[in-house]
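Below is one structure; the comments refer to it alone.
Number of protein chains: 2
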Amino acid sequence: MVQATALPRNEAGIETTMGILKQQFGERFQTGKSIREQHGHTTTWIENQPPDAVVFPHTSQEVADIVKVCATHKVPIIAFGVGTSLEGHVNAPAGGISVDMSQMNQILAVYPEDLNCVVQPGVTREQLNTHLRDMGLFFPIDPGANATIGGMTATRASGTNAVRYGTMKDNVIALEAVMADGRIIKTAQRAKKSSAGYDLTRLLVGSEGTLAMITGITLRLQGIPEAMASARCSFPTVDAACQAVMATIQYGVPVARMELLDTASVAAVNAYSKLDLPESPLLLLEFHGSEASVAEQSATFGEIAEEVGGTGFEWTTNAEERTRLWKARHDYYWATMQISPGKAGIATDVCVPISRLAECVARNNDMIEELGLVGLVVGHVGDGNFHTTILVDMADKDEVSRAEEFVGRLNDLAISMDGTCTGEHGIGQGKRPYLKRELGAATDVMASIKAALDPDGIFNPGKILST
Amino acid sequence: MVQATALPRNEAGIETTMGILKQQFGERFQTGKSIREQHGHTTTWIENQPPDAVVFPHTSQEVADIVKVCATHKVPIIAFGVGTSLEGHVNAPAGGISVDMSQMNQILAVYPEDLNCVVQPGVTREQLNTHLRDMGLFFPIDPGANATIGGMTATRASGTNAVRYGTMKDNVIALEAVMADGRIIKTAQRAKKSSAGYDLTRLLVGSEGTLAMITGITLRLQGIPEAMASARCSFPTVDAACQAVMATIQYGVPVARMELLDTASVAAVNAYSKLDLPESPLLLLEFHGSEASVAEQSATFGEIAEEVGGTGFEWTTNAEERTRLWKARHDYYWATMQISPGKAGIATDVCVPISRLAECVARNNDMIEELGLVGLVVGHVGDGNFHTTILVDMADKDEVSRAEEFVGRLNDLAISMDGTCTGEHGIGQGKRPYLKRELGAATDVMASIKAALDPDGIFNPGKILST
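Protein chains in written order, with the working numbering: chain A, 1176 to 1642; chain B, 1176 to 1642.
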């Protein structure tokens, strides 16, 4: 485990707060060790820092009640979705109350004509899409995990089809939120666009529970396209694959997904899934549109790929065949876990301008080799975002230390290329030192905003900013 | 003229500041009456409140120098692009220094492979697009006026093709800005997406010069599409036109522009431009894509339109014919000005969920009639955003008063429909009372942010917030 710094605890305040909340919430207030540990962070190599209690509100007003109690007694309050975040976001370094949103899981309204809906924060991505399917609608953001909409909003999540549909910042229309004084605000109306004052919606999207508790989300939706095509193509080098990606985007092909697997990743899925893909960089693509449009998009990509040396290009709209073409991606996680059973997979998350992507991946691979590590690359290549999974024996202190060095060097490399240390996972606890290196004095402006909106620092302390 | 409230002036501070700036900027520091009045607001019915001086910086460091002097002496500082904003944004109710960005008009870098560029704030939209054309690129946001990129950023502008390309919030990747203490920050790197901390980029987009001075803008660009098609179609009612719009968007047709003219507007352009369009609601459309794709998009729209009673549908990719089809829109402004020569045209800017648009336009027209006014509607209908132009004799106090009542009732109507009092023009001075009605307690959160980032209130006082 990588150690997370503990922060000073307000024992008296925590005790008083727990007494009050127990009275109000009864069985919906829990203090068992395992439930508390489950609400500290478990999906990464960052040490678990459990909260003192977990409370399960049902309404925005109940969240406001909790915030008021915690504010009065200056006790930390940490929003929890399903716990799939990756940088220690839900840890409780100063103790306090975890507010589990899983019982605030109502889809409050769907407006098919307006292509939007209003949900509570505990609604999961899959729950929402199941609900929408019969209306011919879907919510496009897909970070992989079946995260909650609240959690995805708080971390500014994106994923495989951000290249076409954007990230959470582009798909949240308005928020309801509880501020540090317990007031419930709405950040915007349901109109598709607005120039009415400061964009509080996007200030809260990606704020990781440090400025407010998100209690309602108005989301943009999409009509389910008439046709979806999947495609794949191998390339001699990552650089050639990136050339194809840049030309495709510049040409205006509205690709829905465009995923890169490097040679090591392709080898891993070949071994795990008994595939016989050429062991060279692979692009997997998805196109959305009318039957004619996805055929044209596929053909255009095929021509572009061929010009830069792409081989084995295949595309299809047949559902079974689509699954077959994308098998390498669907099995990717399990394939990486298979390489060194027992080792943990540690995910990085850099994002650079696409023109620098091939160079960044090449230097990433050099660093892996120099440090004697095993690492694989999968990338949301249309956005210049890639994840290196480093396989680490957590009992091997030297390997952990080399992995930490790798993560640091990769983040610094991305920053030096005008990129970011986090394309979609957020800062949490793990990336705080890099935020300052990336944005310098802007982090002081962030700290001013934090101090203005949460003067006692009750919301998710120890995250994003170093204070 | 509609009166704007004057705010207390800091005479001593202004005098000292002017002396210091005159020394540093020489001929680039101007105090003539006409140049000052030109830098107060002139494009609306809001009274002109000229600044005390106008200064023309060349660099971000010079802007920082100006801010530091103004901060030391607590003197207002107002950013100025080309003065096309519509709600009194550049007025100086407490006097102070107008910072004219017109000489900071360098396109600093274009990255064709990354589809982005970096510009100074005084670059105009047309200047940028002229520069980009030979590279096969364009910047899509088109608010009509040849505004500066800085001004468009500050007001969160959008316009006719926001339905496809979004608003400024979706097309600014990063900003350089001077904060109230004179520090220069960058809000993000040039990577296409990021989850690194609070979204300061979008906090400044739409902040109307009240939180910082924007000195550099990194913009997303688009490849010029292979083909553009224009189309038009008449409808029996606004409701039928809106039904066609909703179905088209829901079907996933990626329309680039979709403009509604109501019957009064069509009559006006028929008279002015000698057209013989049926005097009923008209939709004008534009499609971007490959030759095959724009043909398919046009055909799909044509079928949808026919189902709801659309008539006279025409589409073309021929450049001359495209101009002919859209003539009604291109001549729209002049056609409205022709109806009652000498009267001023006052523009409203409400935006509602599309499902409420037809009802909102109908009630808009009822109110115009009840108040004995002449008004015409043009709408960015794919976004639910429309502008009513009210023709007002500014010497007729009663007409001015009825027009003011109309604007207020229309804003309140939009707000009651979960819409906004401003889709794209911003709050400025003119819409401050409606912001509170629209967003309630959220405006207090905005005020907290303002107080934290600009404690002395030097940046564009009297705008957005009531203080």
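Beta carbons: idealized from backbone N, C-alpha and C, even for Gly. As the structure is a computational prediction, the values presented were derived from the model and not from experiment.
For a contact defined as C-beta to C-beta under 9 angstroms, what are the partners of G1559 of chain B on chain A?
Sequence index remark: in the second sequence, residue 1559 of chain B carries index 384 (1-based). Going along chain A in sequence order, the residues near G1559 of chain B (Cβ under 9 angstroms) are D1289, A1366, K1367 and K1368.
DSSP three-state assignment for M1621 of chain A, whether helix, strand or coil
Working through the first sequence from its first residue, we reach residue 1621 of chain A at position 446. Helix.
Coarse secondary structure for Y1426 of chain B, derived from DSSP in three states:
The residue given as residue 1426 of chain B occupies position 251 in the second sequence. Looking at Y1426 of chain B - three-state DSSP - the assignment turns out to be coil, as it is neither helix nor strand.
For the alpha helix (DSSP H) that K1572 of chain B lies in, which residues bound it at each end?
Position 397 of the second sequence holds residue 1572 of chain B. Counting along the chain, the unbroken alpha helix (DSSP H) around K1572 of chain B starts and ends at K1572 to S1591.
Secondary structure of S1468 of chain B, DSSP reduced to three states:
Mapped onto the second sequence, residue 1468 of chain B falls at position 293. DSSP places S1468 of chain B in helix when its eight states are reduced to three.
CA nearest to the CA of G1598 of chain A, picked from A:A1443, A:G1381, A:S1448 and A:K1611
Here residue 1598 of chain A is taken as the residue at index 423 of the first sequence, counted from 1. For the residues A:A1443, A:G1381, A:S1448 and A:K1611, the minimum Cα distance to G1598 of chain A belongs to A:G1381.
Closest Cβ-Cβ distance between C1596 of chain B and chain A: below 8 angstroms?
Residue 1596 of chain B sits at position 421 when you count from the first residue of the second sequence. Chain A, which has a Cβ nearer than 8 angstroms to the Cβ of C1596 of chain B, makes this yes.
Which chain B residues sit within Cβ distance under 7 angstroms of M1354 of chain A?
Counting from one through the first sequence, the residue named residue 1354 of chain A turns up at place 179. Here the neighbours are V1620.
Counting only beta-carbon separations shorter than 8 angstroms, does K1361 of chain A have a partner in chain B?
Here the question's residue 1361 of chain A lines up with position 186 in the first sequence. Yes - at least one Cβ of chain B is within 8 angstroms of the one on K1361 of chain A.
Counting only beta-carbon separations shorter than 8 angstroms, does E1471 of chain B have a partner in chain A?
As a working note, residue 1471 of chain B is residue 296 in the second sequence. Chain A, which has a Cβ nearer than 8 angstroms to the Cβ of E1471 of chain B, makes this yes.
Please name the residue or residues paired with E1545 of chain B in a DSSP beta bridge.
Stepping through the second sequence from its first residue, residue 1545 of chain B is reached at position 370. Paired residue(s): none; E1545 of chain B is not in a bridge.
So what's D1558 of chain B in DSSP terms, helix, strand or just coil?
Within the second sequence, residue 1558 of chain B is the residue found at index 383, counting from 1. Helix, per DSSP.
At which residue ranges does the stretch 1345-1396 of chain B contain complete beta strand (DSSP E) runs of 3 or more residues, listed in the order of the chain?
1347-1353, 1359-1361 and 1388-1395
Kindly list, in the order they appear in chain A, the residues whose Cβ is closer than 8 angstroms to that of R1538 of chain B.
Along the second sequence, read from residue 1 onward, the residue named residue 1538 of chain B stands at position 363. Within chain A, no residue comes near R1538 of chain B; the closest Cβ sits about 16 angstroms away, beyond 8 angstroms.
Cβ-based burial, L1283 of chain B [other Cβ within 10 Å; buried from 16]
Walking along the second sequence from the start, residue 1283 of chain B turns up at place 108. Exposed is the call here.
Any residues in the stretch 1403-1433 of chain A with a beta carbon nearer than 8 angstroms to a beta carbon of chain B? Which ones, in chain order?
M1421, I1424, Q1425, Y1426, G1427 and P1429
Run through DSSP, which three-state label would W1501 of chain B get?
Start at 1 with the first residue of the second sequence, and residue 1501 of chain B comes out as number 326. In the structure shown, W1501 of chain B sits in coil (DSSP, three-state: anything other than H, G, I, E or B).
Starting from the beta carbon of V1380 of chain A, find every residue of chain B whose beta carbon is closer than 8 angstroms, and list them in chain order.
Residue mapping note: residue 1380 of chain A aligns to position 205 of the first sequence, counting from 1. Listed along chain B are D1374, each with a C-beta nearer than 8 angstroms to that of V1380 of chain A.
Please state whether the Cβ-Cβ distance between N1291 of chain B and R1395 of chain B is less than 8 angstroms.
Position 116 of the second sequence, counted from the start, is the residue given in the question as residue 1291 of chain B. Position 220 of the second sequence, counted from the start, is the residue given in the question as residue 1395 of chain B. Cβ distance < 8 angstroms, so N1291 of chain B and R1395 of chain B count as in contact.
In angstroms, rounded to a whole number, what distance separates the CA positions of L1379 of chain A and A1387 of chain A?
The residue you call residue 1379 of chain A lines up with position 204 of the first sequence. The residue you call residue 1387 of chain A lines up with position 212 of the first sequence. Approximately 7 angstroms, taken between the alpha carbons.
CA-CA distance, K1502 of chain B and S1440 of chain B?
Position 327 of the second sequence, counting from 1, holds the residue named residue 1502 of chain B. Position 265 of the second sequence, counting from 1, holds the residue named residue 1440 of chain B. For K1502 of chain B and S1440 of chain B, the gap between their C-alpha atoms comes out near 13 angstroms.
Identify the continuous beta strand (DSSP E) that holds A1254 of chain A and give its terminal residues.
To locate residue 1254 of chain A, count along the first sequence from 1; it is residue 79. Note, A1254 of chain A: beta strand (DSSP E), I1252 to F1255.
So, with DSSP's three-state summary, where would you put V1525 of chain A?
For the purposes of this step, residue 1525 of chain A is identified with residue 350 of the first sequence, where counting begins at 1. In this structure, V1525 of chain A counts as strand in the three-state DSSP scheme.
Rounded to a whole number of angstroms, what is the C-alpha to C-alpha distance between T1642 of chain B and I1392 of chain A?
As a first step, residue 1642 of chain B is located in the second sequence; it is residue number 467 there, counting from the start. As a first step, residue 1392 of chain A is located in the first sequence; it is residue number 217 there, counting from the start. Only weak support is given to the placement of T1642 of chain B: the predicted model assigns it a pLDDT of 49, under 50, and the question is left unresolved by the model.
Since C1526 of chain B meets chain A, which of its residues come closer than 8 angstroms, beta carbon to beta carbon?
Position 351 of the second sequence, counted from the start, is the residue given in the question as residue 1526 of chain B. Here the neighbours are A1366, K1367, K1368 and S1369.
By how many angstroms is the C-alpha of Y1426 of chain B removed from the C-alpha of A1322 of chain B?
By one-based count along the second sequence, residue 1322 of chain B stands at place 147. By one-based count along the second sequence, residue 1426 of chain B stands at place 251. Between A1322 of chain B and Y1426 of chain B, the C-alpha separation is close to 33 angstroms.
Give the interface partners of D1309 of chain A over in chain B, defined as CB-CB distance under 8 angstroms, in chain order.
What you label residue 1309 of chain A is simply residue 134 of the first sequence in a count that begins at 1. Those within 8 angstroms of D1309 of chain A in chain B number zero; the least Cβ separation is about 14 angstroms.
Name the one or two DSSP bridge partners that H1463 of chain B has.
Residue mapping note: residue 1463 of chain B aligns to position 288 of the second sequence, counting from 1. The partner list for H1463 of chain B (beta bridge, DSSP) reads B:M1403.
Helix, strand or coil: how does DSSP classify F1634 of chain B here?
As a position in the second sequence, residue 1634 of chain B is number 459, starting the count at 1. Looking at F1634 of chain B - three-state DSSP - the assignment turns out to be strand.
Enumerate in chain order the residues of its own chain whose CB-to-CB distance from M1592 of chain B is below 8 angstroms, with the five nearest sequence positions on each side excluded.
For the purposes of this step, residue 1592 of chain B is taken as the residue at position 417 of the second sequence. Result list for M1592 of chain B: V1527, P1528, R1531, E1534 and C1535, in chain order.
DSSP-derived helix/strand/coil call for T1486 of chain B:
Here residue 1486 of chain B refers to the residue found at position 311 of the second sequence. In this structure, T1486 of chain B counts as strand in the three-state DSSP scheme.
Apply the 10 Å Cβ neighbour rule to G1201 of chain B and answer buried if 16 or more other Cβ atoms are within range, or exposed otherwise.
The sequence position of residue 1201 of chain B within the second sequence is 26, counting from 1. Burial call: exposed.
Pairing CB atoms from the stretch 1354-1367 of chain A with CB atoms from the stretch 1319-1335 of chain B, are three or more of them under 8 angstroms?
no
Indicate whether at least one CB of chain B lies closer than 8 angstroms to the CB of E1613 of chain A.
Here residue 1613 of chain A refers to the residue found at position 438 when the first sequence is read from its first residue. The Cβ of E1613 of chain A sits closer than 8 angstroms to at least one Cβ of chain B.
Between the stretch 1626-1642 of chain B and the stretch 1396-1404 of chain A, are three or more C-beta pairs nearer than 8 angstroms?
no
By the 10 Å Cβ neighbour count, where 16 or more other Cβ atoms means buried, how is G1554 of chain A classified, buried or exposed?
Locating residue 1554 of chain A in the first sequence gives position 379, counting from the first residue. Buried is the call here.
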